[in-house]
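Colleague: Count along the sequence shown from 1, then add 640; that gives the number in our numbering. Note that beta-carbon positions come from the ideal geometry of N, C-alpha and C, so glycine has one too. Below you will find the structure I want to go over with you.
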Amino acid sequence: MLPSRDEIAAAVTAGTAAVSHGGEAETRCPLKQTLPEPTRDAIGLFPSIARNYERWAAILSMGQDAYWRREMVARLPAPRGGAVLDIAAGTGLITRELQRRGHQVVALDLNPEMLAGAIASRASAVQGVGQTLPFADGSFEGATFGYLLRYVPDPLETLREVARVVRPGGVVGMVEFGRPRGIAGPLWVLYTRLVLPASGLIAGLGWTRVGRFLGPNIDAFHRRHPEAALVTMWEAAGFEAVRVARRSLGGGLLMWGRRR
Ligand SMILES: C[S@@+](CC[C@H](N)C(=O)[O-])C[C@H]1O[C@@H](n2cnc3c(N)ncnc32)[C@H](O)[C@@H]1O
641 MLPSRDEIAA AVTAGTAAVS HGGEAETRCP LKQTLPEPTR DAIGLFPSIA RNYERWAAIL
701 SMGQDAYWRR EMVARLPAPR GGAVLDIAAG TGLITRELQR RGHQVVALDL NPEMLAGAIA
761 SRASAVQGVG QTLPFADGSF EGATFGYLLR YVPDPLETLR EVARVVRPGG VVGMVEFGRP
821 RGIAGPLWVL YTRLVLPASG LIAGLGWTRV GRFLGPNIDA FHRRHPEAAL VTMWEAAGFE
881 AVRVARRSLG GGLLMWGRRR
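So, in structure tokens, the structure goes:
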């Protein structure tokens, strides 16, 4: 069962979320003033690219990101019809994969501009932050998040918060950029430092900002949290049977875990 409209509305009233159910009424809340720095980065970056996010995310990942999302969802053993929370849902690309597999989805994102796509797919959409989720303990059969952990001040605390809203035995899946190694390493540097920033010349100014930001941000994240440390972090947050898969020469990182 999805959290009810009343439960989500209570979070809105408490000032921790705004909600839209299947494209119906939407409310806003003053989340922005109180956000920590990495989350403020996401406010600076995403609203201006919301309109053409899906097209350019596909072009700039050379079509790979769709495979990463599809595989993450395909290998997420949540029961069909079960409620799944998609955190940092953006325009709803993971949300729609989940819906195609018969899950009932609540899509949560910081930026309402990005959430418009998820609302169009008639998912329940909630404006909120991944680090303080406006849901009761064990509300969901599963949760997913794509490209969230680089935008929270403390990834371990956020993973604990994700674990809190998933029932014991429930499943969680993640998509994130990886950091290619070996001979793919220099290609990655070339691509992220030259090609990505230059993409803005065609895709628009918003993508110049994103293109300049992404390479150094992804590298810094993986220096702080190498793959083995991420597994340990998931375990410390309350997950077991943690699995990792690197895809597309290491440019994509998928993870899954089961809530203890
Ligand atoms: C790169 S987009 C990914 C969207 C979607 N998951 C996908 O796979 O296409 C990152 C999204 O994370 C959202 N976001 C960033 N930090 C967040 C936070 N702390 N809480 C909730 N959403 C956040 C942004 O607004 C943006 O929509």
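1) For S688, which three-state DSSP category applies?
2) Q744 lies in the beta strand (DSSP E); which residues open and close that run?
3) With DSSP as the reference, please indicate the residues paired to G786 in a beta bridge.
4) Using 10 angstroms around the beta-carbon of R749, count the other beta-carbons present and answer buried if the total reaches 16, otherwise exposed.
5) If you compare alpha carbons, which of V802, R887, R680, L854 is closest to G897?
6) Tell me whether P853 sits in a helix, a strand or coil according to DSSP, three-state version.
7) Using a Cβ-Cβ cutoff of less than 8 Å, which residues in the same chain neighbour E694 once the five nearest sequence positions on both sides are dropped?
8) Below 8 Å between beta carbons: does that hold for M814 and L894?
9) In the DSSP assignment, find the unbroken alpha helix (DSSP H) run with G840 in it and report its ends.
10) Pick helix, strand or coil for P678, following the three-state DSSP scheme.
11) Just the Cα atoms here: how many angstroms apart are V811 and T772?
Modeller: On the basis of the data shown:
1) helix
2) 744-749
3) V815
4) It should be noted that the sequence gives Asp, not Arg, for residue 749. By the neighbour-count rule (16 or more Cβ atoms within 10 Å), D749 is buried.
5) V802
6) Correcting the residue identity first, residue 853 is Phe in this sequence and not Pro. In the structure shown, F853 sits in a helix (DSSP, three-state: H, G or I).
7) T731, L733, G757
8) yes
9) 840-843
10) helix
11) 19 Å
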